[in-house]
Amino acid sequence: MTGRGMKNFLVLRLLQAGIVAVVVGALCFVLMRVLPGDAAMRIAAGRYGPDARITDAAAKIRIELGLDRPLAVQFFEWLGSLARFDLGHSLVTGSPVAHELQVQLGASVWLAAAALLLSLLIGPIVGLLGGLKPGGTADRMGLFGAVTFRAVPPFVLGLVLMLVFSRQLGWLPPAGFGSPREILLPALTLALGLAAISSRVTRNAVAAVARAPYFAFARYKGLPEAVVVRRHGLRNAAIPVVSYLGLQAIYLIEGVVVVESLFAYPGIGHALVHAIIERDVPMVQGTALTMGLMFVAIAAAVDLLTYWLDPRMGKNA
Amino acid sequence: MNIQLKQDLVVRNLSVHSREGTIVSGVSLALGQNQPLTLLGESGSGKSLVAQAIMGNLPQELKASGQISFRDADLLAETAIERRRRWGRSIGLLPQEPWLALDPTMPVGPQVAEVHRYVRGKPVGESAAAARENLAEVGLAAAGALYPFQISGGMGQRVAIAMAHAAGAELLIADEPTKGLDATLRDSVTARLRQEVDAGRLLLTITHDVAVARALGGMIGVMLDGRLIEYGPAEVLLAAAQHDYTKALLAAEPSQWQRQAQTLPGKCVVSARGLEKRYGDKTLFSGFDIDIAAGEVVSIVGPSGCGKTTIGNILLGLVKPDAGAVTRDASLSPLRFQKLYQDPPAAFAPHQTLRKGLADVARLHARDWEEIRALCARLKLQEALLDRLPGQVSGGELQRFALLRALLLEPAFLFADEATSRLDPVSQQEVVRFLLEIVAETGLAVLMVTHDRDLAEKISTRLIPVAGSGTLAEAGMAG
Amino acid sequence: MSTVEPVYQQPKPGLGPARLSGAALLVALAAFAIVGPAVISADPAAQDFGATLAPIGGDYLLGADHYGRSLLARLAHGARLSFGLAFLTMLAAAMPGVFLGLVAGWKGGWTERGLEFLATIVLALPGLMLVLLLLAFSPGNYGPLFLGLALTLWVEFYRVTKAATKGVLAQPHIEAARMLGFGSRYILLHYVLPVIAPMISTLSAFAMATAIIAVSTLSAISVGLQPPTPELGSMIVELLPYFAEAPLHVLLPATLIFLLVLGLQLLAQGERA
Chain P
32 MTGRGMKNFL VLRLLQAGIV AVVVGALCFV LMRVLPGDAA MRIAAGRYGP
82 DARITDAAAK IRIELGLDRP LAVQFFEWLG SLARFDLGHS LVTGSPVAHE
132 LQVQLGASVW LAAAALLLSL LIGPIVGLLG GLKPGGTADR MGLFGAVTFR
182 AVPPFVLGLV LMLVFSRQLG WLPPAGFGSP REILLPALTL ALGLAAISSR
232 VTRNAVAAVA RAPYFAFARY KGLPEAVVVR RHGLRNAAIP VVSYLGLQAI
282 YLIEGVVVVE SLFAYPGIGH ALVHAIIERD VPMVQGTALT MGLMFVAIAA
332 AVDLLTYWLD PRMGKNA
Chain V
-5 MNIQLKQDLV VRNLSVHSRE GTIVSGVSLA LGQNQPLTLL GESGSGKSLV
45 AQAIMGNLPQ ELKASGQISF RDADLLAETA IERRRRWGRS IGLLPQEPWL
95 ALDPTMPVGP QVAEVHRYVR GKPVGESAAA ARENLAEVGL AAAGALYPFQ
145 ISGGMGQRVA IAMAHAAGAE LLIADEPTKG LDATLRDSVT ARLRQEVDAG
195 RLLLTITHDV AVARALGGMI GVMLDGRLIE YGPAEVLLAA AQHDYTKALL
245 AAEPSQWQRQ AQTLPGKCVV SARGLEKRYG DKTLFSGFDI DIAAGEVVSI
295 VGPSGCGKTT IGNILLGLVK PDAGAVTRDA SLSPLRFQKL YQDPPAAFAP
345 HQTLRKGLAD VARLHARDWE EIRALCARLK LQEALLDRLP GQVSGGELQR
395 FALLRALLLE PAFLFADEAT SRLDPVSQQE VVRFLLEIVA ETGLAVLMVT
445 HDRDLAEKIS TRLIPVAGSG TLAEAGMAG
Chain S
280 MSTVEPVYQQ PKPGLGPARL SGAALLVALA AFAIVGPAVI SADPAAQDFG
330 ATLAPIGGDY LLGADHYGRS LLARLAHGAR LSFGLAFLTM LAAAMPGVFL
380 GLVAGWKGGW TERGLEFLAT IVLALPGLML VLLLLAFSPG NYGPLFLGLA
430 LTLWVEFYRV TKAATKGVLA QPHIEAARML GFGSRYILLH YVLPVIAPMI
480 STLSAFAMAT AIIAVSTLSA ISVGLQPPTP ELGSMIVELL PYFAEAPLHV
530 LLPATLIFLL VLGLQLLAQG ERA
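Protein chains in written order, with our numbering: chain P, 32 to 348; chain V, -5 to 473; chain S, 280 to 552.
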């Protein structure tokens, strides 16, 4: 049992990370060139602020960055600096992009982690109750909840929660960042959406394991029920749930962008949307790249977890 | 029965009822040490329900009545909890398709060891050691670290036996233990079950395979439509069956068939020289020569995975050989080379009615629908079946439709790829009989590929054995 | 004792209660979206400051917003916009997706590898991120929104079509059909399309639901369509500050989005998992 299969997963994920960087980099490079006005001028304004000597500064920047050279050369240089994690300066605030990202990344990771944790507290439990008795009351209630929550876009769900919990009941702050109370509403918004899906995946996985011949055979071997469930039920039911987390990473990342903007939560998603509105290309690039890599990292973590749970993955018979 | 043996399990007047009515009625049988019992019957005959009633795992909606005495205890009078307590400890189950009954995410060693640990309450280290011993008893000393997907069907069945040893069950119930195994593996599993009997265990086997019943000996019960229609010692019942159904079942076994009369071969239809095929770095066969003439039935016999199907596909031009050449009679259209498939439903589009499929073939080749009607009558296929989907007719009927479809193109060569291996013996006999009639009438050349040597010997003009290349054959569950 | 068991299970015929209610819901909403803008005389952009936040059931059937614009008219136009944009996006994604999926499944080899690489590139980023990046070129416009959504949605059509096509083509009954003399056209029409058609229609409903959610979400976070376009998502955000005075006004467009998506998901059989 070598780690060859696992190595393959990691190589694929690294490749994906590379594609993310090239796609984001290329789009932002083009964006920088097609925006109305002079690119050097914009960079100068970003660095030094719009003052009288901006034209001189722009000229210097043009030579410094080689903006007068062929586009292809500039493009590879652009990608080169990306590879060195040199993300440039914000066109709006003038501070280094990497600097701003550090703070925002922390906030977003907390939000994503809290959402994932909450969803894992809700989804699998609801799914387990449904899967143990398919067609029963718990199953039908779970289905109703899942269908409902899946039909509500995250921003509407967020608004409804905000209206109910902070406006009507006054229990939680509607926006802000810093305390667990403030993270709760945005995290719950994401968690409910995630749980709507994971509860059904769990339900189907549990129902499938309960029907599986190996589950029945474990009983016929004479094992007590608790041992049957612990040794032959949990791991097998967890495999599809965990591997589905990889797909849920898409919902999570997209949701983080939306929910952060909605709750004015100072994370990377919020910054990305702002950068797009303000056309702050280096910030767009930095935030999009970070979120894309976050997505790849989650997917890689899910791969590793699935690999550990399921011996059939990537191993030859 | 010459000596009255002690009966350890006695079933008296067992019936199984569902809400709609009685599914199994009035079954009485017994088994003891050195006197295994085999229940023969087709699916739906109720033989599995009898086993489930004894085991105590009948589906909830079914109720059993009558009496099942096991070592002086009346099993049907016990509560569900008491019955479950017997599982593993006094009654062990050998599952059908063991590769599905083993937990796919756990190596087989721990799956045996947990029986010692949790059923017999031994400490962890002792359980692991005992499990290694159990696996060694069934010749799998080295397999403990393998996952179920890494072992063959035959090995899976032996793992299940090791588990029964671990639990120490006195009565073994083997539910279709050879389902999906080819003849070689089937014989090794049956031999293993026989050893269990010789070691003093009680054995109840459920099977549809007469060969398994014959090899196990002891008592045989034949079930049909929920009734035990015949019951007696194997040597008596197999030699002189009383009931018509049993007679038909025994007569359908290829080993009981009449040897076909030889016909004079016509001119050569297809031949090949020096065929070679490799998969990866493994050579399936090389330097293989074959000639098939009109009116001949040539059989290639060998275990699963030896590449015999590939030879047929090469002759049809479906697979390219790595070396060698195929020569076909140039006067014959490629459409006159046809194939019958192992799994009949797979050879038909699942959502197309048989009528539509056949009508399209007839239209494409400008054949008259009357020809299809005539062939239906000839192959004893009711026309009402034409409006069904392929999944809604039996395997035997569907294989006859496949034959009918091929006959519409007036084939000169037919490759029958294990074409009857998934049919019950009676259907198999029927399909083969029609096929041979057509060979005699039309001078069709047939290449049979089969793992059933009896079948090949009875019907072929020539027989070509292909040796299995060891590991591939071991890995194969037929198909 | 036939050991051959039916392998193929017919998909449940007919509609079933969930799909039927989804279809009914969609028909009602489509009627509102198509007939509404034609029948309702009020201009969705006409402001009437005398009727600011007019209550439901007064002069304005569904009330008026903070500029005194008829909510009924704005909802009808918003529904038409959502439906229409989602439908066009779905078509723009499904047509190339299904076509390329068929090509890749049929040809295999380098064609398939090339298309797979393309799909991998698109899937490397979550779909919404790609749409956002394209929106950065010109926020608030239909063009990049439509293009970005179609670009991310075609992949699923492609993948499902390719996998299903390959699955069908690998089956013995295709080999049998070829030996019986049937050509590629017959195989495509009679063997491949009947298998992929139900999958494609399910995917189409999901793709439309995704597009509706995406358009309203992006508009709500101010990078999609901009006010005064009567877009359901931006209507919600516009009305949000007046929640205390007119809570129902905020909930109306939200309910409309919910019903649209619910209808589509029920029609697609509700269960993707």
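We put the beta carbon where it would ideally sit given N, CA and C, even for glycine.
CA-to-CA distance, residue j to residue i, given in whole angstroms
i	j	result
L269 of chain V	L407 of chain S	55 Å
S244 of chain V	D2 of chain V	Reading off the sequence shown, one finds Leu at residue 244 of chain V, where the question assumed Ser. Approximately 29 Å between the Cα atoms of the pair.
L200 of chain P	L293 of chain P	19 Å
P297 of chain P	Q105 of chain V	51 Å
L354 of chain S	A490 of chain S	18 Å
V377 of chain S	I479 of chain S	8 Å
C59 of chain P	W109 of chain P	10 Å
Q336 of chain V	P259 of chain V	26 Å
A434 of chain V	T257 of chain V	8 Å
G60 of chain V	P53 of chain V	17 Å
Q29 of chain V	R208 of chain V	13 Å
A288 of chain V	D323 of chain V	11 Å
L232 of chain V	R126 of chain V	39 Å
Bridge partner(s) assigned by DSSP for residue i
i	result
V292 of chain V	V:L441 and V:R456
C262 of chain V	V:A287
A24 of chain V	V:V4
S9 of chain V	V:S59
Y273 of chain V	V:K276
D411 of chain V	V:V443
K333 of chain V	V:F409
beta-carbon residue i near the ligand GTP non-hydrogen atom, thresh 7 Å
i	result
L215 of chain P	Only the bare structure without any ligand can be found here, which leaves the ligand GTP out of the picture.
Reference residue i; option with closest CA among the options
i	options	result
T347 of chain V	V:L380, V:E55, V:L392 and V:A340	V:L380
V178 of chain P	P:M314, P:P204, P:L225 and P:L132	P:L225
V44 of chain V	V:R416, V:K116, V:G162 and V:D169	V:D169
A533 of chain S	S:P520, S:S513, S:L545 and S:A523	S:S513
V439 of chain S	S:N420, S:G380, S:P473 and S:I319	S:G380
G274 of chain V	V:G311, V:D316, V:G296 and V:E247	V:D316
G162 of chain P	P:R242, P:H130 and P:Q135	P:R242
V460 of chain V	V:K452, V:I453 and V:D446	V:D446
F248 of chain P	V:A71, V:P92, V:G299 and V:D323	V:P92
V312 of chain P	S:L411, S:V540 and S:L504	S:L411
CB-CB length for residue i against residue j, believed under 8 Å
i	j	result
T184 of chain V	L165 of chain V	Wrong, their Cβ atoms sit about 18 Å apart, outside the cutoff.
I335 of chain S	G342 of chain S	4 Å
L340 of chain P	L147 of chain P	That belief does not hold up - the Cβ atoms of L340 of chain P and L147 of chain P are roughly 17 Å apart, past 8 Å.
Test: residue i CB closer than 8 Å to a CB of chain S
i	result
L179 of chain V	no
Q332 of chain V	yes
G323 of chain P	yes
F474 of chain V	Coverage of chain V is limited to positions -5 through 473, which leaves residue 474 of chain V absent and any answer about it impossible.
Closer than 8 Å to chain V by CB, residue i
i	result
P271 of chain P	no
P165 of chain P	no
W40 of chain P	Reading off the sequence shown, one finds Phe at residue 40 of chain P, where the question assumed Trp. No, no contact with chain V.
F248 of chain P	yes
M478 of chain S	no
E435 of chain S	no
N267 of chain P	yes
G224 of chain P	no
Short CB-CB distance (under 8 Å) between residue i and chain P
i	result
F143 of chain V	yes
F311 of chain S	no
L404 of chain S	yes
D283 of chain V	no
R148 of chain V	A small fix is needed here, since residue 148 of chain V is Gly in this sequence, not Arg. So no, G148 of chain V is outside the interface.
P171 of chain V	no
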